[in-house]
Every structure is written in C-alpha cells, then in structure tokens.
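**Q**
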Amino acid sequence: MRRHCKAAQPSGSPPAGAATQLKRGPYNPSTPSDLFPGASLSSHGDRSLTAPTKSYLTPIKLILFNSFGLLFVVFLLCRKRRGAFAILAAGIALLWLIASGWLAAPLVALAQAGVQPVTHPMMTGNTAIVMLGAGIKRRDGVAAPPHDALARIDKTAELYSACQRTAKRCTVVVSGGDPQVRGITEADTYAPYLLARGVANADLIRESSSHTTYENARFTAPILRAQHYDDLILVTSSYQMKRALLDFRRFGIVPQPVYANRRDARLGWLPRAVNLVNAELALHEIIGVAQFHVYRRLGWF
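Counted from 1, the sequence shown has number 136 at position 136 by UniProt numbering; the numbering is strictly sequential.
#1: On the three-state DSSP scale, how would you describe Thr-124?
#2: What's the call for Gln-112, buried or exposed, on a 16-neighbour Cβ count within 10 Å?
#3: Can you list, in chain order, the residues of its chain whose CB lies under 8 Å from that of Gly-198, leaving out five sequence neighbours each side?
#4: Pro-179: beta carbon under 6 Å from a heavy atom of the ligand GDP?
#5: Do Ala-167 and Met-131 have their beta-carbon atoms positioned less than 7 Å apart in this structure?
#6: Specify, as a first and last residue, the run of the beta strand (DSSP E) that Gln-256 falls within.
#7: For Ala-128, which option in Ile-223, Asn-275, Val-294 has the closest C-alpha, if you only look at C-alpha atoms?
#8: Within 10 Å of its beta-carbon, does Asp-140 have 16 or more other beta-carbons around it, so buried, or fewer, so exposed?
#9: In the DSSP output, which residue or residues are listed as bridge partners for Ile-129?
#10: Name the one or two DSSP bridge partners that Lys-155 has.
#11: With a Cβ-Cβ cutoff of 7 Å, do Ala-217 and Ala-104 count as a contact?
#12: Taking a contact to mean a Cβ-Cβ separation below 7 Å, would you say Asn-275 touches Arg-263 in this structure?
#13: Check for me: the beta strand (DSSP E) holding Ala-143 runs from which residue to which?
#14: Quick one: what's got a C-beta closer than 7 Å to Val-289's C-beta in the same chain, skipping five residues either side?
#15: Can you check DSSP and say which residues form a bridge with Cys-204?
#16: Relative to the alpha-carbon of Arg-296, which residue among Ala-90, Arg-249, Glu-280 has its alpha-carbon at the smallest distance?
#17: From the DSSP output, read off the bridge partner residues of Arg-138.
#18: Should Thr-119 be labelled buried (16 or more other beta-carbon atoms within 10 Å of its own) or exposed?
#19: Within its chain, find whatever has a CB closer than 8 Å to the CB of Pro-121; leave out the 5 residues flanking it on each side and keep chain order.
#20: Using three-state DSSP, classify Pro-222 as helix, strand or coil.
#21: Please report the Cβ distance between Thr-189 and Ala-143, rounded to the nearest whole angstrom; I am assuming they are in contact, meaning their Cβ atoms lie under 8 Å.
#22: In this structure, how does DSSP classify Arg-249 when only helix, strand and coil are distinguished?
#23: Throw me the rounded Cβ distance for the Arg-182 and Ile-136 pair, which I believe falls under 8 Å.
#24: Under the three-state reduction of DSSP, which class applies to Arg-2: helix, strand or coil?
#25: For the putative contact between Val-173 and Glu-207, defined by C-beta atoms under 8 Å, what is the C-beta separation to the nearest angstrom?
#26: Please report the residue range of the alpha helix (DSSP H) in which Phe-301 lies.
#27: Consult DSSP for Pro-192 and reduce its assignment to one of helix, strand or coil.
#28: Counting only the same chain and skipping the five closest in sequence on each side, list residues whose C-beta sits under 6 Å from that of Ser-237.
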C-alpha cells in the first residue's frame, strides 16, 4: 500500500558538532489549508491549528507515584477510623500486583492493542521515515538518547539502509523538541547518532518544535506535505504507536507503523522496577488516547 504526502524546505542553522547537518525550523500552520487534502476538521473549525495547543496530560507524568501518594494521604487522614488498614493493605497489594507484572501485563497489552505493525514496510520511489523522540538523559553531563530512543535510532538507521537498496530516494525526519527543558532538542541530540549509523547528512530533516506526540504529528505534517512521498513509515516504540497513529491520522497522514522495540511485563512473584516503568508508560498512553478522543469531541484537536 502506498502512502502519499509531502516534505518541507530547509531553513535554520545546524547545531554545534554537526555543522553541515540539514535542519528545518518550526512550522506553525495557521489555516485549515495547511492540512493535507481530505484531513477532517471539527465542527468548530480547526482549532488545533489556530489556538494554543492543549497539552497531553499533566507536565508531571508520575501517574503511579501520584496515585499511591494520594492513597497514602487517605490512609493518614483515616488512620483512626475502621478500614484504614484495609486501605493501606489494598494499596500494598495493588503495588505488588503491578511490580510483579500481573497487573502491568494487561495495562501494557491494552496500550498496544489495535495496532498491526509492519515488519517489512514498502519502500519504493520517494520514501520518508519519521522517527519520534523519546526524551533525553544525561551521561556524564552530556545529553544522550535513553534506551527507547536508541532503539528507535537503530531501527530508523536499519530501515534507511534497506530503503537505500530499494527506493529512489530516502528521507529521515526525526521529530522532537525540548519538553524536558534540557537546553537541547531531542532532534538535535539524536541527529549525530543517526549520522554515525549511516544516515546521509542530506537525507536528514530535524523537526525541533514539538513537545508532545500530538505536536510531533502537527509539526511533521507540513514538512511531509511540502514534497510528494510514495511511501511513509512511522517509527516509535510499541506502547506509543496507537496514540501516534491517531495523531498523525488527525492530520491526514496514514503511515506504515514499524515498532522500534516492544515493552512486555515480566511476570513473577518478586517485584521488578521495570514493571512499574512499563505500567507508568502504559497508563500514560491509555489516558492519552482517551484524552485525544475527548479533545476531538470538544473540538480542541
């Protein structure tokens, strides 16, 4: 199946350490005509393009931590009443179920449900590979991609290499601003890693304005719209793909979904920190999908 879209004109200057790196500046469409032909508008107009963007969830994404903190506050307030220790016991049991994987597993499965990933995407003619950001962490004081971001970088480089053998032209669009306020964007942080893995300088476009998955789609859409693409591939982690597809389809883009990596719960009797991380990520995506539908109903997206 072929995907048709278009990509933008270069602007802006390259970051330090990648002086010849091709870069794209922020794009802020202001009219519905900036959408893909056929992209749907809400009954109140395309407010997502003309009004301040509604952010997903809260700035602090510690859903599990906040939930258990609230439960502990309830226990303190009710500790002298009957049932207080039942509340505490229920909280401990819930924490164990999540940390041991028994509750984390269905949460992760729900977050990933409904997506049919493509193992061997079609890459013919003019092909674009869009990679979504996954945050930044510090290694010895230097900004670096975290685990999920490295997986996405590796998968994108692998797809680019395969694309070079089958397509007429291959373009990589890496999308990610600075939502963590690190002083450097995700796109600029990942670019040297993509170049080191064989992505050509001239084939790399950086979208450095987005702070959410919705903005990944919003700001990448006009970049893709500026040039005709025969095939379009979206690369991200399994837990984020469902919401990412909703957001990109909102702007008329129907990409081939390719998983960079999967997160699966590890079942057992002993608690594992990785299950808490997986449950947190899954809850964030589940709530994000629900919020997307609510915001669309209200005409905010």
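Cβ coordinates follow ideal geometry from the N, Cα and C atoms, glycine included. Since this is a predicted model, take the numbers as computed values, not measurements.
**A** Per the coordinate set shown:
#1: coil
#2: buried
#3: Ala-157, Tyr-160, Ser-161
#4: Among the components modelled here there is no ligand, and therefore nothing to report on the ligand GDP.
#5: no
#6: 256-259
#7: Ile-223
#8: exposed
#9: Val-172, Ile-233
#10: Lys-155 is not bridged to any residue.
#11: no
#12: no
#13: 142-144
#14: Lys-242, Arg-243, Leu-246
#15: Contrary to the premise, residue 204 reads as Leu rather than Cys in this sequence. Per DSSP, Val-172.
#16: Arg-249
#17: Ala-143
#18: exposed
#19: Leu-159, Asp-231, Ile-233, Gln-256, Val-258
#20: helix
#21: 5 Å
#22: helix
#23: 5 Å
#24: Note that Arg-2 scores a pLDDT of 48, beneath 50, so its modelled location is shaky and nothing firm can be said.
#25: 6 Å
#26: Counting along the chain, Phe-301 falls outside any alpha helix (DSSP H), and DSSP gives it neither H nor E.
#27: helix
#28: Asp-148, Ala-260, Asn-261
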